[in-house]
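Novice: Below is a structure I'd like to ask you about.
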Amino acid sequence: MKFIDAHHHTWDLSVFPYTWMDDPHPIGDISALKNNYVIKDLLEDSENLELFKSVHVQCGGGKDSAVEETEWLQSLADKNEFPQAFVVYSDLLNENIESEIEQHCSFKNTRGLRYLLNYDSKDPTHCFAPSEVLLNNTWKNNYSLLEKYNLSFDLHLYWNQYQYAFDLIKLHPNILNIIDHAGTPRQRDSEYLDHWRNGLKLLASLDNIVMKISGLGMFDQQWTTESIRPLVLDCIDIFGVDRCIFASNFPVDRLFSSYEKVWTSYFEITNDFSTDEKEKLFYKNSEKFYRI
Numbered sequence: 001m002k003f004i005d006a007h008h009h010t011w012d013l014s015v016f017p018y019t020w021m022d023d024p025h026p027i028g029d030i031s032a033l034k035n036n037y038v039i040k041d042l043l044e045d046s047e048n049l050e051l052f053k054s055v056h057v058q059c060g061g062g063k064d065s066a067v068e069e070t071e072w073l074q075s076l077a078d079k080n081e082f083p084q085a086f087v088v089y090s091d092l093l094n095e096n097i098e099s100e101i102e103q104h105c106s107f108k109n110t111r112g113l114r115y116l117l118n119y120d121s122k123d124p125t126h127c128f129a130p131s132e133v134l135l136n137n138t139w140k141n142n143y144s145l146l147e148k149y150n151l152s153f154d155l156h157l158y159w160n161q162y163q164y165a166f167d168l169i170k171l172h173p174n175i176l177n178i179i180d181h182a183g184t185p186r187q188r189d190s191e192y193l194d195h196w197r198n199g200l201k202l203l204a205s206l207d208n209i210v211m212k213i214s215g216l217g218m219f220d221q222q223w224t225t226e227s228i229r230p231l232v233l234d235c236i237d238i239f240g241v242d243r244c245i246f247a248s249n250f251p252v253d254r255l256f257s258s259y260e261k262v263w264t265s266y267f268e269i270t271n272d273f274s275t276d277e278k279e280k281l282f283y284k285n286s287e288k289f290y291r292i
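Using our numbering, the first residue of the sequence shown is number 1, and each one after it goes up by one.
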């Protein structure tokens, strides 16, 4: 089955410092990530598979400006023909960020923007964001700029934030929102997953939200195909085949499995789906949502 990897990262420590690699991380020890992961590595990881397009998601590159990462990525894409799309970063808490967003859009492969939203005041060890930015007026005003620049937004958040996201997204029906990592279900007990499912149903009620199934190893680091099967099928059941896509989250999920294991598991879980359904899940929807 040919496929698009709708979420991967690329970094070169000789180009950018990636200071986040030195900080405590919500998923635990990430010291093994302090090695370069360039396009050549992605293509080697997928050499026994039919990867034919990819989407790069921001990973903190840039020294003086986040645009430096986008410029670097465009040079890689021009040379390697991968990745075909970029999801970039700008600090939406900055009142004067529009000019930077405009600079991102000067690069032909820019398609979306991501800001890590994950925040839980009761559990600061699992926070990616400095505060509940979904309630911050500056952040919300900057989010609204995405419509002007025809950018999608990658949603990286926990279930306790789904209502906040729903309230904001409902006000901006022309901005496409793509949920990262299956909505980051960081606990796998039945109570947590009930909250997760009910929250996803709320988000799925809005037409401008789609689901990216990825990153399931981050909070289940001993995962198996059978352990992720219910989560994958829940996502597809809630959002429907027309609004789901698959991705690897490599090289982060390389800490927990091989690239082939990730994709073979997706193939196995969807084995009984029709050819049309699988084509949508594995590449046609990604082509549509990321315009590649």
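Every residue, glycine too, gets a C-beta built ideally from N, C-alpha and C.
Relative to the C-alpha of Ile213, which candidate in Gln84, Cys235 and Trp196 has its C-alpha closest?
Specialist: Taking the first residue of the sequence shown as 1, we reach residue 213 at position 213. Checking every option, the nearest Cα to that of Ile213 belongs to Cys235.
Novice: Considering only the alpha carbon of each residue, which of Ser90, Glu47, Arg291 and Asn48 lies closest to Trp139?
Specialist: Indexing the sequence shown from 1 puts residue 139 at position 139. Taking only the C-alpha atoms, the option nearest Trp139 is Ser90.
Novice: Can you give the Cα-Cα distance for Lys288 and Ile30, rounded to whole angstroms?
Specialist: Locating residue 288 in the sequence shown gives position 288, counting from the first residue. Locating residue 30 in the sequence shown gives position 30, counting from the first residue. Straight-line Cα distance between these residues: approximately 33 Å.
Novice: Which whole runs of the beta strand (DSSP E) in the region 149-173 are 3 residues long or more, in chain order?
Specialist: Segments of the beta strand (DSSP E) lying fully in the region 149-173: 152-156.
Novice: From the DSSP output, in three-state form, read off Val55 for me.
Specialist: What you label residue 55 is simply residue 55 of the sequence shown in a count that begins at 1. In this structure, Val55 counts as strand in the three-state DSSP scheme.
Novice: From Lys284 to Gln58, what does the alpha carbon distance come to, in whole angstroms?
Specialist: As a first step, residue 284 is located in the sequence shown; it is residue number 284 there, counting from the start. As a first step, residue 58 is located in the sequence shown; it is residue number 58 there, counting from the start. Each residue's alpha carbon lies about 22 Å from the other.
Novice: Helix, strand or coil: how does DSSP classify Gly112 here?
Specialist: Here residue 112 is taken as the residue at index 112 of the sequence shown, counted from 1. Three-state DSSP puts Gly112 in a strand.
Novice: For Ile4, collect the residues of the same chain with a Cβ closer than 6 Å to its Cβ; drop the 5 residues on either side in sequence, then sort them by chain order.
Specialist: By 1-based counting over the sequence shown, the position of residue 4 is 4. These residues qualify, in order along the chain: Lys53, Tyr283 and Ser286.
Novice: Quick check on Ser205: buried or exposed, where buried means 16 or more other Cβ atoms within 10 Å of its Cβ?
Specialist: Residue numbering aside, residue 205 sits at position 205 when the sequence shown is read from its first letter. Per the 10 Å Cβ criterion, exposed.
Novice: So Tyr162 packs on Leu135, CB below 8 Å; how close in whole Å?
Specialist: One-based indexing of the sequence shown puts residue 162 at position 162. One-based indexing of the sequence shown puts residue 135 at position 135. So it is not a contact: roughly 14 Å between Cβ atoms.
Novice: Going by DSSP, what residue range makes up the alpha helix (DSSP H) through His104?
Specialist: Position 104 of the sequence shown, counting from 1, holds the residue named residue 104. Unbroken alpha helix (DSSP H) run through His104: Glu98 to His104.
Novice: How is Tyr192 classed by DSSP in three states: helix, strand or coil?
Specialist: To locate residue 192, count along the sequence shown from 1; it is residue 192. Helix, per DSSP.
Novice: To which residues of the same chain is Ile245 closer than 6 Å at the C-beta, ignoring the five residues directly before and after it?
Specialist: Numbered from 1 along the sequence shown, position 245 holds the residue referred to as residue 245. Once the five neighbours on either side are set aside, the close Cβ partners of Ile245 are Ala6, Lys212, Asn285 and Ser286.
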